[in-house]
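Peer 1: One structure follows; several queries about it will come next.
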Amino acid sequence: MSSNQTPTIILVDGHSLAFRSYFAFSKGRDGGLRTSTGIPTSVCFGFLKSLLEVMAAQEPEYMAIAFDLATPTFRHEADDTYKAGRAETPEDFIPDLKNLQELLGYFNLPAITAPGYEADDILGTLAKKASEAGYRVKILTGDRDLFQLVDTEKQISVLYLSTDELRRSGKGKSQEFGPEAVKEKLGILPEQVIDYKALCGDKSDNIPGVKGIGDKTAIQLLDAYHSLDGIYAAIDEIKGATKKKLEEGKEAAYHSQRMATIVQDVPLEINLEDCQLKGFDEAALIPMLEKLEFKNVLNKVKEIQKRFGGVEEASSAADSVTDLTDVRREGSAADFVTDLTDVRKKGEVTVSELPNADNSSDFSAATSESSEADELWFWNYADTIAAQQANKLPIQPRIIQTIEQLNELVKLLETCTDKTTPVAWDTETTALEPRDAELVGIGCCWGTGEQDLAYIAIGHKTGKNLDKATVLNALRPILESENYPKALQNAKFDRSILRCQGIKLTGVVFDTMLASYVLNPETSHSLSELSKKYLGIVAKSYKELVAKDKTIADISIREVADYCGMDVYTTFQLVEKLTAELDKQD
Numbered sequence: 223m224s225s226n227q228t229p230t231i232i233l234v235d236g237h238s239l240a241f242r243s244y245f246a247f248s249k250g251r252d253g254g255l256r257t258s259t260g261i262p263t264s265v266c267f268g269f270l271k272s273l274l275e276v277m278a279a280q281e282p283e284y285m286a287i288a289f290d291l292a293t294p295t296f297r298h299e300a301d302d303t304y305k306a307g308r309a310e311t312p313e314d315f316i317p318d319l320k321n322l323q324e325l326l327g328y329f330n331l332p333a334i335t336a337p338g339y340e341a342d343d344i345l346g347t348l349a350k351k352a353s354e355a356g357y358r359v360k361i362l363t364g365d366r367d368l369f370q371l372v373d374t375e376k377q378i379s380v381l382y383l384s385t386d387e388l389r390r391s392g393k394g395k396s397q398e399f400g401p402e403a404v405k406e407k408l409g410i411l412p413e414q415v416i417d418y419k420a421l422c423g424d425k426s427d428n429i430p431g432v433k434g435i436g437d438k439t440a441i442q443l444l445d446a447y448h449s450l451d452g453i454y455a456a457i458d459e460i461k462g463a464t465k466k467k468l469e470e471g472k473e474a475a476y477h478s479q480r481m482a483t484i485v486q487d488v489p490l491e492i493n494l495e496d497c498q499l500k501g502f503d504e505a506a507l508i509p510m511l512e513k514l515e516f517k518n519v520l521n522k523v524k525e526i527q528k529r530f531g532g533v534e535e536a537s538s539a540a541d542s543v544t545d546l547t548d549v550r551r552e553g554s555a556a557d558f559v560t561d562l563t564d565v566r567k568k569g570e571v572t573v574s575e576l577p578n579a580d581n582s583s584d585f586s587a588a589t590s591e592s593s594e595a596d597e598l599w600f601w602n603y604a605d606t607i608a609a610q611q612a613n614k615l616p617i618q619p620r621i622i623q624t625i626e627q628l629n630e631l632v633k634l635l636e637t638c639t640d641k642t643t644p645v646a647w648d649t650e651t652t653a654l655e656p657r658d659a660e661l662v663g664i665g666c667c668w669g670t671g672e673q674d675l676a677y678i679a680i681g682h683k684t685g686k687n688l689d690k691a692t693v694l695n696a697l698r699p700i701l702e703s704e705n706y707p708k709a710l711q712n713a714k715f716d717r718s719i720l721r722c723q724g725i726k727l728t729g730v731v732f733d734t735m736l737a738s739y740v741l742n743p744e745t746s747h748s749l750s751e752l753s754k755k756y757l758g759i760v761a762k763s764y765k766e767l768v769a770k771d772k773t774i775a776d777i778s779i780r781e782v783a784d785y786c787g788m789d790v791y792t793t794f795q796l797v798e799k800l801t802a803e804l805d806k807q808d
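Position 70 of the sequence shown, counted from 1, bears residue number 292 in this note's numbering, the numbering being contiguous throughout.
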């Protein structure tokens with residue numbers, strides 16, 4: 223690198239990228255990448271491929287990867303409910319992650335942890351140090367929390383991984399976020415991200431925020447008063463219910479602000495020089511690649527060595543940079559991506575029951591796309607089409623099949639008391655006449671995240687069901703209480719179904735079918751039409767799911783979980799859309 227060039231450091235959110243690698247291939251189902259001896263490799267494969275692609279595109283001279291520890295952090299000590307209610311980590315993720323961390327060690331990539339702190343805090347600290355040292359900082363993550371670090375003057379940006387885009391189109395291209403892009407996506411500036419979370423909270427981290435303040439109100443307040451301090455300084459200018467909520471929730475707001483703030487002074491036993499890409503010991507790496515059966519990676523070790531700052535022959539620093547540029551210009555990085563695509567076709571990594579893995583015609587068509595068109599970014603379409611064929615949904619429903627999972631779900635639902643974001647519910651039955659119908663399952667959705675929904679299996683003919691009485695007794699306090707606002711599509715039907723099961727459904731604050739009727743009595747009010755019109759989502763229909771001579775009880779739990787999950791997922795989102803349309807008519 224010449225003296226007038228600004229060095230680039232890539233800071234990687236390790237757990238974020240690891241989870242996206244896992245779900246891109248195994249998707250939390252019974253598929254995924256494994257070796258011939260059964261070692262899970264979805265995390266290692268996706269993570270390594272992503273790193274190589276971002277390195278090809280960004281050509282960094284420095285890199286560091288931050289991971290969370292399993293031990294509590296200062297946030298847990300400040301609030302024992304922090305991150306409570308999260309779904310359990312998949313069993314095969316753990317050994318895959320351990321292999322990944324070992325693999326990164328062989329690549330001489332610093333994998334950094336800090337007791338008492340989260341990966342975000344490590345990234346924030348390193349970003350601050352690197353920026354002050356004159357580096358260009360790019361943070362690779364799928365976590366919006368890190369948007370708070372974006373700063374043009376400090377040369378800090380975020381390379382954001384969009385799981386929604388990956389699932390929708392099969393292309394995993396990331397987007398580089400500066401302040402304007404953050405504003406466009408969230409409606410707020412990077413410096414307002416913390417106060418935004420202070421106001422409306424963060425369900426994924428169980429940060430409470432101010433009770434009753436939702437996304438829209440938070441954005442409006444920050445647009446008018448710029449910051450949390452500005453809002454409370456002008457509290458007398460704010461009128462009505464919003465003022466009351468802010469006054470009553472002031473302590474919660476500032477507590478949430480502290481919880482959402484990324485620390486930038488973590489005591490780390492590492493300096494920026496330790497993060498320089500300086501090659502690796504090929505002899506030490508090869509046994510690990512052989513263990514993981516990454517044969518195509520083995521064949522490209524020399525090219526990868528150059529990408530990591532190593533050289534095959536002695537050369538000057540300038541020559542080394544030229545080599546890095548030539549790797550991309552001459553296409554070896556593209557060749558490597560193509561070779562990784564061929565891994566599945568050639569069987570060089572064993573694919574254990576990938577959904578529709580035998581659909582060779584679709585896969586061949588996908589691989590005909592050039593790597594140039596895919597721009598070498600993360601998982602391109604060709605690499606993920608096999609895993610995506612049965613997994614194009616933007617959701618990953620939690621399937622509730624144990625008492626422990628049911629109890630955890632109930633605890634989570636007990637926190638959902640905001641009438642502006644009512645939990646969406648749906649029942650799946652064997653018939654449309656309530657007195658003749660058998661209850662097969664119950665679905666619910668409490669957010670827009672891919673796992674903010676659950677399906678409880680009760681009456682399927684195959685698979686693991688929970689006892690119906692146990693489920694209904696556990697849900698009764700929520701379903702029969704007005705304290706837990708609910709949204710449904712055609713609440714009359716579900717109310718009748720539950721009445722026949724001894725449940726008196728109360729607390730319904732929104733019915734998407736009725737809202738549609740009020741807006742336009744002449745149009746179709748089906749959930750599929752509403753989803754298509756307002757959300758651009760085309761979901762599987764009941765006729766596509768259930769054959770004429772079958773009932774929904776004959777369908778697998780996974781398929782019905784996806785079907786019901788889409789119903790509650792779209793119902794939840796339609797509440798905001800239809801409410802806005804109704805407000806226009808007032």
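No residue lacks a Cβ here, since even glycine has one placed at the ideal position from N, Cα and C. Predicted model only: the values in this text are computed from it and were never measured.
Exposed or buried, what is residue 445 when buried is set at 16 or more other beta-carbons lying within 10 Å of its beta-carbon?
Peer 2: By the 10 Å Cβ count, residue 445 comes out exposed.
Peer 1: At a cut-off of 8 Å, is residue 741 close to the ligand PLP when judged by its beta-carbon and the heavy atoms of the ligand?
Peer 2: This structure lacks the ligand PLP, and indeed carries no ligand of any kind.
Peer 1: So the candidates are 478, 457 and 477; which of them puts its Cα closest to the Cα of residue 469?
Peer 2: Here the closest residue by C-alpha is 457.
Peer 1: Are the stretch 347–359 and the stretch 291–305 touching, with three or more C-beta to C-beta distances below 8 Å?
Peer 2: Result no; under three Cβ-Cβ pairs closer than 8 Å.
Peer 1: How far does the beta strand (DSSP E) with residue 620 in it reach, from first residue to last?
Peer 2: Run containing residue 620: 620–622, per the beta strand (DSSP E) assignment.
Peer 1: Could you say which of 672, 436, 530 and 631 lies nearest to residue 306 if we only look at CA atoms?
Peer 2: Comparing Cα positions, the closest option is 631.
Peer 1: May I ask you to report which of helix, strand or coil DSSP gives residue 506?
Peer 2: It is helical.
Peer 1: Opposite residue 382 in the DSSP bridges: which residues?
Peer 2: In DSSP, residue 382 forms a bridge with 363 and 397.
Peer 1: Classify residue 463: buried if its beta carbon has 16 or more other beta carbons within 10 angstroms, exposed otherwise.
Peer 2: Result: exposed.
Peer 1: Where residue 724 and residue 717 are concerned, what is the direct C-alpha to C-alpha distance, given to the nearest angstrom?
Peer 2: Each residue's alpha carbon lies about 10 Å from the other.
Peer 1: Starting from the Cα of residue 625, find the closest Cα among 807, 640, 314 and 687 and give me that residue.
Peer 2: Minimum Cα distance to residue 625 is reached at 687.
Peer 1: If you follow the alpha helix (DSSP H) that residue 799 is in, where does it begin and where does it stop?
Peer 2: Segment 779–807, the alpha helix (DSSP H) holding residue 799.
Peer 1: Could you work out which residue in 521, 416 and 502 is closest to residue 476 when comparing CA atoms only?
Peer 2: For the residues 521, 416 and 502, the minimum Cα distance to residue 476 belongs to 416.
Peer 1: Express the C-alpha separation of residue 721 and residue 732 in angstroms, rounding to a whole number.
Peer 2: The alpha-carbon atoms of residue 732 and residue 721 are separated by roughly 19 Å.
Peer 1: What are the complete beta strand (DSSP E) segments, minimum 3 residues, inside the stretch 694–766?
Peer 2: With a minimum length of 3 residues, the continuous beta strand (DSSP E) runs that stay inside the stretch 694–766 are 708–710 and 730–733.
Peer 1: Any idea what DSSP makes of residue 639, helix, strand or coil?
Peer 2: Coil at residue 639, not helix or strand.
Peer 1: Identify whether residue 234 lies in helix, strand or coil by the three-state DSSP scheme.
Peer 2: Strand at residue 234.
Peer 1: If you check the beta carbons only, do residue 492 and residue 334 fall under 9 Å apart?
Peer 2: It is a contact, given that the beta carbons lie within the stated cut-off.
Peer 1: Do you know offhand how far residue 773's Cα is from residue 653's?
Peer 2: Using only the alpha carbons, I get a separation of about 8 Å.
Peer 1: Could you check the C-alpha separation between residue 674 and residue 520 for me, to the nearest Å?
Peer 2: Approximately 39 Å, taken between the alpha carbons.
Peer 1: What would DSSP say about residue 491, mapped onto helix, strand or coil?
Peer 2: If DSSP states are grouped into helix, strand and coil, residue 491 belongs with coil.
Peer 1: Please work out which residues of its chain come closer than 6 Å, Cβ to Cβ, to residue 504, disregarding the five sequence neighbours upstream and downstream, and give them in chain order.
Peer 2: The residues are 523.
Peer 1: Of the choices 726, 619, 793 and 408, whose alpha-carbon is the least far from that of residue 699?
Peer 2: Taking only the C-alpha atoms, the option nearest residue 699 is 726.
Peer 1: What distance in whole Å lies between the Cβ atoms of residue 404 and residue 421, which are believed to be in contact at a cut-off of 8 Å?
Peer 2: Actually they do not touch by this definition, with Cβ atoms about 17 Å apart.
Peer 1: With distance defined between alpha-carbon atoms, name the residue in 779, 730 and 642 nearest to residue 676.
Peer 2: Considering only alpha carbons, the answer is 779.
Peer 1: Per DSSP, what are the beta-bridge partners of residue 663 in this structure?
Peer 2: DSSP lists 650 and 679 as partners of residue 663.
Peer 1: Measuring only the C-alpha atoms, how far is residue 268 from residue 350?
Peer 2: Each residue's alpha carbon lies about 28 Å from the other.
Peer 1: Secondary structure at residue 430, three-state DSSP: helix, strand or coil?
Peer 2: Three-state DSSP puts residue 430 in coil, outside helix and strand.
Peer 1: Mapping DSSP to helix, strand and coil, what is residue 265?
Peer 2: Note: residue 265 maps to helix in three-state DSSP.
Peer 1: Which residue comes first and which comes last in the beta strand (DSSP E) that contains residue 287?
Peer 2: 284–288 is the span of the beta strand (DSSP E), which, as asked, contains residue 287.
Peer 1: Quick one: is residue 244 buried, meaning 16 or more other Cβ sit within 10 Å of its Cβ, or exposed?
Peer 2: By the 10 Å Cβ count, residue 244 comes out buried.
Peer 1: Can you say whether residue 711 is buried or exposed, counting buried as having 16 or more other CB atoms within 10 angstroms of its CB?
Peer 2: The residue is buried, with at least 16 neighbouring Cβ atoms inside 10 Å.
Peer 1: Whose C-alpha, out of 347, 336, 701 and 376, is nearest the C-alpha of residue 487?
Peer 2: For residue 487, the nearest C-alpha among the options comes from 347.
Peer 1: At what residues does the alpha helix (DSSP H) containing residue 687 begin and finish?
Peer 2: Here residue 687 belongs to no alpha helix (DSSP H), and DSSP marks it neither H nor E.
Peer 1: Nearest-angstrom Cα distance between residue 246 and residue 265?
Peer 2: Approximately 9 Å between the Cα atoms of the pair.
Peer 1: Secondary structure at residue 609, three-state DSSP: helix, strand or coil?
Peer 2: Since pLDDT at residue 609 reaches only 37, below the 50 mark, its modelled position is unreliable, and the value read off the structure follows with that caveat. Of the three classes helix, strand and coil, the one that applies to residue 609 here is helix, per DSSP.
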